[in-house]
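Engineer:
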Amino acid sequence: METTNPTNQEVLVRASCFLEEKQPKLGHEECQHLVRELMLFKNQWTLSQFLLNLRQEASVTFEDLEPELLRLSKFEPLQQITGVAEFLGEEFMVTKDTLIPRPETEELVLKVQSFLEQCPVGNVLEIGVGTGCIILSLERLVGRHQYMGCDISEEALVVAKKNREKFNLQTELFYSDVYSNVPREKFECIISNPPYIAFSEEALMDESVRLYEPTQALFAENEGLAIYEKIANRLEEFLTDSGQAFFEIGFNQGASVQRIFSSACPNRKVTIHKDIAGMDRMIIVSGKEAQ
Numbered sequence: 270m271e272t273t274n275p276t277n278q279e280v281l282v283r284a285s286c287f288l289e290e291k292q293p294k295l296g297h298e299e300c301q302h303l304v305r306e307l308m309l310f311k312n313q314w315t316l317s318q319f320l321l322n323l324r325q326e327a328s329v330t331f332e333d334l335e336p337e338l339l340r341l342s343k344f345e346p347l348q349q350i351t352g353v354a355e356f357l358g359e360e361f362m363v364t365k366d367t368l369i370p371r372p373e374t375e376e377l378v379l380k381v382q383s384f385l386e387q388c389p390v391g392n393v394l395e396i397g398v399g400t401g402c403i404i405l406s407l408e409r410l411v412g413r414h415q416y417m418g419c420d421i422s423e424e425a426l427v428v429a430k431k432n433r434e435k436f437n438l439q440t441e442l443f444y445s446d447v448y449s450n451v452p453r454e455k456f457e458c459i460i461s462n463p464p465y466i467a468f469s470e471e472a473l474m475d476e477s478v479r480l481y482e483p484t485q486a487l488f489a490e491n492e493g494l495a496i497y498e499k500i501a502n503r504l505e506e507f508l509t510d511s512g513q514a515f516f517e518i519g520f521n522q523g524a525s526v527q528r529i530f531s532s533a534c535p536n537r538k539v540t541i542h543k544d545i546a547g548m549d550r551m552i553i554v555s556g557k558e559a560q
C-alpha cells in the first residue's frame, strides 16, 4: 500500500509540539511562529503560499526540519540558522559575527531617510555597520549622497560587503575603531547603532542573544555609554554645521545619552525620540541653526 507524506498542516503541528517539548521556555505561540518561519524558508514560500498549501502534501517533512528544530531548542536564533534576516522588506545575510537586525532599527532608518531626502547632497557615515542593513538601506532608499560605513569587526565587514554586492550598491566599507580610519572630511549625516548594553545587564538578556550574538556588538563599558562618549567627543570635527547625527539607544538611556551629546555639542539641539512601542529609542543631534 502506497504511503503519502503528511500535509503541511500536520508537519507544522508535529514540529511545533516537538520544539515545545524540547524547550518549554519558548512557549507554544513562539514555537509555532518559529516552525512556520522555518517552513517558509525551507519551501521558499511567502506567507500567502504557506497558507494556500497547508492542506497539501508536504514536500518538506518533519525529518527534514529536525536538525534545525534541535538548534532552535538550544535558543539559536532562526536568522543564524537560515543565514538571513528581513529588514525593511529585504533579506540581509547574517552570521554569528553580526548582530541580527531588529525591527526598532527600521524606525531609525526611516527617520534618517526623511532627513537625507531634503538635506544638501553630501557625505553620509555609519559607525558600526554590522550587516550593513542601515547604511545600505539608506543608499537603496535615498541615493543622492556619498555613503560610507565602518566597523571594528573585520568579520562583520565581510558580511556587509556581501550584502552590498547583493544589492549592487556603492557604499564604501572599511575598518575603523570609531573615527580612527574615517577620512578627515565633513559629513552631512552620521548614524550609529553602537553597542549599548551594560555588562551588568548580561544576565537579564534572552539566551538567544546572550549565547549566540557577538559580544563586541552588544556590550559597552561605563554602563553601556562608552561608545556614545567616543563618538560625541569628536562629533563636531566630522559633522557639517547643518548636518545631523542619529543614534539608537537603550530604552533607559535617553537622559544619559542626551547629556553626553549636549555636553560635547553645546551649539546643537539634542532630542530624545520614542519608538512605536513608546520607549526611548533614538537620539537626534540637530544642525547648529536648529538650536
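For the sequence shown, my numbering assigns the number 270 to the initial residue and increments by one for each residue that follows. Beta carbons are placed, not taken as given, at the ideal position from N, Cα and C, and that holds for glycine.
(1) Can you give the Cα-Cα distance for Gly-418 and Glu-517, rounded to whole angstroms?
(2) Mapping DSSP to helix, strand and coil, what is Val-447?
(3) What do you get for Leu-480, buried or exposed, if any count of 16 or more other CB atoms within 10 angstroms of its CB means buried?
(4) Short check: CB of Thr-367 to CB of Gly-399, under 8 Å?
(5) Which term fits Pro-612, buried or exposed, when burial requires 16 or more other beta carbons within 10 angstroms of its beta carbon?
(6) So what does Asn-392 bridge to, in DSSP terms?
(7) Would you list the one or two residues that DSSP bridges to Phe-488?
(8) Does DSSP put Thr-374 in a helix, in a strand, or in coil?
(9) Taking Ser-406 as the reference, give the member of Gln-313, Pro-452, Glu-423, Lys-435 with the closest Cα.
(10) Mind checking who Phe-361 pairs with in its DSSP beta bridge?
(11) Would you identify the three-state DSSP class for Gly-493, choosing helix, strand or coil?
(12) Would you give the residue range spanned by the alpha helix (DSSP H) that Ile-261 belongs to?
(13) Buried or exposed: Gln-313, going by 16 or more other Cβ atoms within 10 Å of its Cβ?
(14) Given a cut-off of 8 Å, decide if Asp-544 and Glu-373 are closer than it, judged by their beta-carbon atoms.
(15) From this set, Val-363, Lys-431, Leu-410, Phe-456, which residue's C-alpha is nearest Gln-382's C-alpha?
(16) Cys-534 and Leu-504: beta carbons closer than 8 Å?
(17) Taking the beta strand (DSSP E) that Ser-461 belongs to, which residues open and close that run?
(18) How would you write the range of the beta strand (DSSP E) that Ser-221 sits in, first residue to last?
(19) Drop a sphere of 10 angstroms on the beta-carbon of Ile-553, count the other beta-carbons inside from all chains shown, and report buried for 16 or more, exposed for fewer.
(20) Bridge partners for Ile-552 per DSSP, in chain order?
(21) Decide if Gln-292 is buried, meaning its Cβ has at least 16 other Cβ atoms within 10 Å, or exposed.
(22) Look at the alpha carbon of Asn-491 and the alpha carbon of Phe-443, and state the distance between them as a whole number of angstroms.
(23) Helix, strand or coil: how does DSSP classify Ser-328 here?
(24) May I ask you to verify whether the region 501-515 touches the region 353-362, counting CB pairs closer than 8 Å and requiring at least 3?
(25) If you follow the alpha helix (DSSP H) that Gly-523 is in, where does it begin and where does it stop?
(26) Assign Asn-432 to buried or exposed, taking buried as 16 or more other Cβ atoms, counted over all protein chains shown, within 10 Å of its Cβ.
(27) Determine the direct distance from the alpha carbon of Asn-274 to that of Ile-541, and round the result to whole angstroms.
(28) Who are Leu-442's beta bridge partners in DSSP?
(29) Does the region 444-452 come into contact with the region 322-330, if we say contact requires no fewer than three beta-carbon pairs (one atom in each stretch) closer than 8 Å?
(30) Leaving out five residues before and five after Gln-278 in sequence, what residues of the same chain have Cβ atoms less than 7 Å from its Cβ?
Structural biologist: In short, the structure shows the following:
(1) Approximately 16 Å between the Cα atoms of the pair.
(2) coil
(3) exposed
(4) yes
(5) Coverage of the chain is limited to positions 270 through 560, which leaves residue 612 absent and any answer about it impossible.
(6) Partner(s): Gln-415.
(7) Ile-466
(8) helix
(9) Of the listed residues, the one whose Cα sits closest to Ser-406 is Lys-435.
(10) Beta-bridge partners of Phe-361 (DSSP): Ala-354.
(11) helix
(12) This structure leaves residue 261 out entirely; the chain is present only between 270 and 560.
(13) exposed
(14) yes
(15) Distance from the Cα of Gln-382 is smallest, within the candidate group Val-363, Lys-431, Leu-410, Phe-456, for Leu-410.
(16) yes
(17) 456-461
(18) Nothing about residue 221 can be read from this structure; the chain reaches only from 270 to 560.
(19) buried
(20) Paired residue(s): Phe-516, Ile-541.
(21) buried
(22) Rounded to whole angstroms, Asn-491 to Phe-443 spans 26 Å at the Cα level.
(23) coil
(24) no
(25) 523-533
(26) buried
(27) Those two C-alpha atoms are separated by around 55 Å.
(28) Gly-418
(29) no
(30) Leu-323, Arg-324
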